[in-house]
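Since the structure comes first, as structure tokens, the remarks are kept for the end.
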Amino acid sequence: MGSYCNSQHTLLFSLFLLLLPPPFANAVLSTSEEQGLPRPSAIAQSPSTSPTTYFQVTRPIPIPRTKPCSILLLQHDFASTYDKPPVTAAYSPPSHCRRRARRAPLAKVVLVWKAACRGRQFDRIFGVWLGGVELLRSCTAEPRATGTVWTVEKDVTRYASLFSRNRTLAVYLGNIVDRTYTGIYHVNITLRFYYGGRRSTPPSPHPGYGGSPADLILPISRDLPPNDGQWFVIENSTVGYLHTIPDQDWQSKELAIPRNAYRAILEVFVSFHSDDESWYSNPNDGYISANNLTDTPGNGPFREVIVGIDSDPVGAVWPFTVIYTGGVNPLLWRPITGIGSFDLPSYDIEITPFLGKLLDGKPHKFGFAVRFALSFWLVDANLHLWLDGKSSQTHGSLVDYQAPDLYFGTGSWFQGLDGTFAERYTRQISSTGWVMSSQGNVTTHAYQVFDYKNFMEIKGNGSIQVVQQLIDATSGVSAKGPGSTYSEQVIRHFPLYLYTRTADRIDESYTSTANVSFGFYEKRSTSDGSGSSVSSLANSQKGEGEMVVKGNLVVRGVGSTKQVYRYESTSEGCYLRNVSSSNYTILFDEWGKICGEGSGFALGESFRKWVSDLVGRIPLVSHLHSSKNRE
Ligand SMILES: *[C@@H]1O[C@H](CO)[C@@H](O)[C@H](O)[C@H]1NC(C)=O
Ligand SMILES: *[C@@H]1O[C@H](CO)[C@@H](O)[C@H](O)[C@H]1NC(C)=O
Ligand SMILES: *[C@@H]1O[C@H](CO)[C@@H](O)[C@H](O)[C@H]1NC(C)=O
Ligand SMILES: *[C@@H]1O[C@H](CO)[C@@H](O)[C@H](O)[C@H]1NC(C)=O
Ligand SMILES: *[C@@H]1O[C@H](CO)[C@@H](O)[C@H](O)[C@H]1NC(C)=O
Ligand SMILES: *[C@@H]1O[C@H](CO)[C@@H](O)[C@H](O)[C@H]1NC(C)=O
Ligand SMILES: *[C@@H]1O[C@H](CO)[C@@H](O)[C@H](O)[C@H]1NC(C)=O
Ligand SMILES: *[C@@H]1O[C@H](CO)[C@@H](O)[C@H](O)[C@H]1NC(C)=O
Ligand SMILES: *[C@@H]1O[C@H](CO)[C@@H](O)[C@H](O)[C@H]1NC(C)=O
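FYI, in mature numbering (1 follows the signal peptide of the UniProt record, and there is no 0) the residues of the sequence shown are -27 to -1, 1 to 604.
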């Protein structure tokens, strides 16, 4: 199993892409990952230029106006770490910080990942776990010969309960260093603890709701030490259109939860690699076999991550199309990295309605499967639990549970290598259950509604591919207790447009032109009877690039990227950033606490109409057959 983010597949052939700095252009290259001895001395660099800082656009983390207490968790050089156990370090609670803070309450915790690399290296996927609970899923920056540095800051306050006990920190970043891939990742991981200041969340009349961190977080991940990360590895799945997930498709962990839980959320982390790195552009198997294509990953462009308890699907993730730092054209992501690539989004699934089944003190099976998966997906989850401090046993029952079949419609028309393909999928999952605790009898209703559309064109005798995709995912929860109701809803839109053209295929060399445009749009609203709050995020990127690829190396090229990040919130104010880059240089960069005019969802709406017009006329059917493969 490989663990780099990028194993680039274009439509007709697969490649490993990396930027070759000119001094190495004529070197003899090993294309095999596993070959070659670590040769750190091979890093021959001209120190003339200082390292380039890469970054992911995001809003600043709101922090109290107090001095943080920082502790270094790990300092490590990741060289030949591929297929080895994760690097570990002991964590103990920072008692000196608490003393210094005069026992003021912990207000905020920020994880800081700082890394530096120089030379040539793939974009590597990595994970950071504390006590098996995943804190960060990320992709490394691809270095330059002159060096690359980057920082990722993540608000990890929701994991506060983890930090009060001794734990093992584990970091897996599967890297290989040889004559060709010379980059060693030098990494420092720090935690910043902020005490006192303004409380980050006011006391809630609805304990467990409104953002207060869980009392206990249990890992749904692999125990140490696997020769890899603590994530589960999901390879080729067999589930296809089947409603019932075959046993062999589940990757799972058995776990008993405390008998006094009253709320539970599964926070799911997913990343996709190798044949499924760009699943949204995979053609269907009918096209692949009709054209006798052997190196093109297929299974069509739709994927669904299914989360199960005791083999019942309790929720799903229709993931955001993260493009890693080596994806599409690696030059697009220097220095502005792709949305989510330095801090992959996680997905919360409310499972409180199922607590009635789980409070028996016995182990239950928490599992993951990926519909239509090709090798490979990395999936795990954190189980956030809120516990009743005033009793040792809560009770509950599932009242209603609906997880009907996927609805879908597909159509494809092709002749030879050219064709058009349209797919649409929808699904709903909902559950209702009550839990009796010292707070009384609370009935929770949770729902997820998904809509997926993909329209793909292949033309120019297979040399041009255009993908237009839109994922709409709405999830919500309402909790009705004695005399009060709390509700929250999250609406997400993930539009994607991807154009790639491959030309001049002479010898081992060709030119690739790409346009990509995609976005992460999210609207959150909460309401608790006495008031409501709303936030919206519109984060979109547009890139265009050209590169000349020889053999398996990018020998020259240019990439330009524009990004607009707009966040508006009734409780946290506004933030706008408008930045663009070309050929490694920032062209302009404006940011501030600006509340924009008009709706941050404008692009999402026009894109929705565009894709809907293309795909919307396909009739939907529930599953018609139980075949494992699609055509
Ligand atoms: C890690 O910390 C050490 C010691 O403070 C420092 O010398 C080094 O430059 C840091 N590395 C990175 C990548 O920030
Ligand atoms: C936690 O770790 C520290 C440092 O290794 C050690 O001194 C302490 O005894 C440990 N505490 C517990 C409860 O194991
Ligand atoms: C998955 O499919 C690929 C391609 O057909 C194959 O090379 C690989 O061995 C398969 N993996 C598993 C675990 O079946
Ligand atoms: C695919 O292979 C089959 C059998 O070898 C052959 O009959 C057919 O013409 C090939 N089709 C294409 C498009 O090359
Ligand atoms: C909790 O409320 C539900 C719905 O009103 C009801 O069916 C259930 O019996 C109640 N449970 C207890 C223990 O009162
Ligand atoms: C289309 O591409 C195929 C495979 O690359 C090639 O055999 C064929 O001659 C091409 N057709 C045209 C019209 O260029
Ligand atoms: C690619 O992007 C450029 C610049 O935005 C635009 O002029 C061009 O029409 C785009 N091409 C395609 C095929 O989307
Ligand atoms: C971003 O900046 C560019 C260049 O100044 C400008 O044309 C564009 O309108 C700005 N976009 C937003 C959303 O502010
Ligand atoms: C990109 O920048 C490099 C040097 O910084 C320059 O040599 C090259 O010509 C530029 N490429 C383009 C297409 O502007």
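Even for Gly, the Cβ is constructed at its ideal location relative to N, Cα and C.
As the structure is a prediction and not an experimental result, all values here were calculated from the model.
Minimum C-alpha distance to residue i - residue among the options
i: His49; options: Ala143, Ala133, Gly516 and Pro192; result: Ala143
i: Ile68; options: Thr475, Gln94 and Arg138; result: It is worth fixing the name first, because residue 68 is Ser in this sequence and not Ile. Here the closest residue by C-alpha is Arg138.
i: Thr25; options: Thr269, Gln514, Thr121 and Ile44; result: Thr121
i: Asp373; options: Tyr420, Ala346, Gln438 and Leu379; result: Tyr420
i: Thr294; options: Arg236, Ser555 and Val440; result: Val440
i: Gly169; options: Pro37, Arg474 and Asn414; result: Pro37
i: Tyr182; options: Asn551, His357 and Phe136; result: His357
i: Tyr167; options: Lys87, Gly362, Arg75 and Ile149; result: Arg75
i: Gly502; options: Val521, Ser485, Arg465 and Gly456; result: Gly456
i: Phe345; options: Gly334, Phe327 and Asp222; result: Asp222
i: Pro292; options: Val343, Glu126, Ala62 and Asn272; result: Val343
i: Ser43; options: Asn161, Thr141 and Ser53; result: Asn161
i: Ile296; options: Val287, Ala289, Ala395 and Arg307; result: Arg307
i: Leu471; options: Gln462, Val301 and Gly156; result: Val301
i: Lys432; options: Phe315, Leu135, Thr473 and Tyr494; result: Thr473
i: Ser542; options: Val101, Val527, Thr499 and Thr558; result: Thr499
i: Gly530; options: Thr39, Glu517 and Val60; result: Glu517
i: Pro35; options: Cys568, Glu563, Tyr548 and Asp562; result: Tyr548
Residue i, DSSP secondary structure in three states
i: Pro20; result: For Pro20, the pLDDT reaches just 46, beneath the cut-off of 50, and the residue's location in the model is therefore unreliable, leaving the point undetermined.
i: Pro(-5); result: A caution first: Pro(-5) carries a pLDDT of 27, below 50, which makes its placement in the model unreliable, though a value can still be read off. Reduced to three states, the DSSP call for Pro(-5) is helix.
i: Glu6; result: Only weak support exists for where Glu6 lies, its pLDDT of 28 falling under 50; the value from the coordinates is given anyway. If DSSP states are grouped into helix, strand and coil, Glu6 belongs with coil.
i: Thr543; result: coil
i: Asp285; result: strand
i: Ala133; result: helix
i: Ser111; result: strand
i: Trp252; result: helix
i: Leu304; result: helix
i: Arg91; result: coil
i: Ser173; result: A caution first: Ser173 carries a pLDDT of 48, below 50, which makes its placement in the model too unreliable to give a value.
i: Ile157; result: coil
i: Val30; result: coil
i: Thr534; result: strand
i: Gly100; result: strand
i: Thr61; result: strand
i: Tyr55; result: coil
Local Cβ density within 10 Å of residue i, reported as buried at 16 or more and exposed below that
i: Lys426; result: buried
i: Cys90; result: buried
i: Arg397; result: buried
i: Cys112; result: buried
i: Gln375; result: exposed
i: Ser(-25); result: Unreliable placement is indicated for Ser(-25), whose pLDDT of 41 sits below 50; no coordinate value is reported for it.
i: Asn355; result: buried
i: Gly392; result: buried
i: Trp386; result: exposed
i: Gly202; result: buried
i: Asp188; result: buried
i: Arg32; result: buried
i: residue 631; result: Because the chain spans -27 through 604 in this model, residue 631 falls outside it and cannot be assessed.
i: Ala(-3); result: Residue placement at Ala(-3) is flagged as unreliable, the pLDDT there being 26, under the threshold of 50; a coordinate-derived value is accordingly withheld.
i: Gly492; result: buried
Residue i: first and last residue of the uninterrupted beta strand (DSSP E) it sits in
i: Gly392; result: Asp391 to Ser410
i: Asp424; result: Gly413 to Lys432
i: His49; result: Cys42 to Phe51
i: Arg478; result: Ser457 to Ile479
i: Val122; result: Thr121 to Asp128
i: Asp445; result: Ile437 to Gly454
i: Gln514; result: Ser505 to Lys523
i: Ser482; result: Ser482 to Ser500
i: Leu142; result: Arg140 to Leu146
i: Trp291; result: Per DSSP, Trp291 belongs to no beta strand (DSSP E) and is neither H nor E.
i: Gly565; result: Thr558 to Gly565
Where the alpha helix (DSSP H) containing residue i begins and where it ends
i: Ala263; result: Asp258 to Ala263
i: Ser68; result: Ser68 to Arg73
Check: Whole beta strand (DSSP E) runs in the segment 314 to 392 with 3 or more residues, listed along the chain?
Finding: Runs of the beta strand (DSSP E) inside the segment 314 to 392: 319 to 323, 337 to 344, 350 to 360, 368 to 375 and 380 to 388.
Next item on the list: Run through the segment 188 to 246 for me and flag every whole beta strand (DSSP E) of 3 or more residues, listed as ranges in chain order.
Entry: 189 to 193, 205 to 207, 224 to 228 and 234 to 245
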